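Below: the structure, in structure tokens.
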Amino acid sequence: MEKIKFEKDTCYVGIGVSPGIAIGEVFFLSRAREPGVSRTISADQVGEEIALFREAVALSKKQLLEAKERIIDKKMHQHLFIIDAHLLILDDKMFLNETVARIRDELLNAEGAVKNTMRGFEKLFDSIEDEYLRDRKADLESVGDRLMRNLRGETIRSVDEIREKTILAAHDLSPADAMQIDRKRIFGLITDRGG
Numbered sequence: 005m006e007k008i009k010f011e012k013d014t015c016y017v018g019i020g021v022s023p024g025i026a027i028g029e030v031f032f033l034s035r036a037r038e039p040g041v042s043r044t045i046s047a048d049q050v051g052e053e054i055a056l057f058r059e060a061v062a063l064s065k066k067q068l069l070e071a072k073e074r075i076i077d078k079k080m081h082q083h084l085f086i087i088d089a090h091l092l093i094l095d096d097k098m099f100l101n102e103t104v105a106r107i108r109d110e111l112l113n114a115e116g117a118v119k120n121t122m123r124g125f126e127k128l129f130d131s132i133e134d135e136y137l138r139d140r141k142a143d144l145e146s147v148g149d150r151l152m153r154n155l156r157g158e159t160i161r162s163v164d165e166i167r168e169k170t171i172l173a174a175h176d177l178s179p180a181d182a183m184q185i186d187r188k189r190i191f192g193l194i195t196d197r198g199g
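Residues 5 to 199, numbered by this note's numbering, are exactly what the sequence shown covers, in order.
Have a look at this one:
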């Protein structure tokens, strides 16, 4: 999104993909991928970092289960598979064990361990020939981003915060976010990545 600054307003310029214009309050949904900060820890910090990782996993699961309830309440059962896929990643023994091993054996902090483990899984997905399975990499990235935000203690804005006649602006809109949006409240949609 190109940003043009006026005296009191900010104007975002992009490519229109549907007819019409929308004027209204903008809700920024930030899901920008920020890489985890890797740092070496001392042996006596291992337990604390493993606990931080497990807490972030538990919080991520809680958030996804809450999202799942909202989807069920909206009677959008056909989309539950996306949330279920994210929950499966968070329950995956290989992912969990490999991340804990990186903390314990490589003396990496939790963010660095998650980043390195996710990078390895993403490379694995890149090498898959089946296009459908390769596209599931987006689910992996979404889970990794959620974990990173929870490890940093960042507040994750929810699409439930969107009020009436709002323009939703996001770098990218994950399928998990898209299916939770109340379309009656959205007046316009702006994304960098399209799709």
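Glycine residues also receive a C-beta, built at the ideal position from the N, C-alpha and C atoms.
Please read these numbers as outputs of a predicted model, since none were measured by experiment.
Ile166 carries a coil assignment under DSSP once its states are collapsed to helix, strand and coil. Around the beta carbon of Arg187, fewer than 16 other beta carbons lie within 10 angstroms, which makes this residue exposed. Check the Cα spacing between Gly157 and each of Ser34, Leu63, Val30 and Gly51: the tightest is with Leu63.
Per DSSP, the continuous beta strand (DSSP E) segment holding Leu193 begins and ends at Ile190 to Thr195.
Cα atoms of Asp88 and Glu59: separation of roughly 19 angstroms, rounded to the nearest angstrom. Distances from the CA of Phe129 to each of Thr121, Arg138 and Arg123 were compared; the closest alpha carbon is that of Arg138. Secondary structure note for Leu111: it is in no beta strand (DSSP E), with a DSSP letter that is neither H nor E. Relative to Glu145, the option among Arg153, Ile132, Thr159 and Glu126 whose CA is nearest is Glu126.
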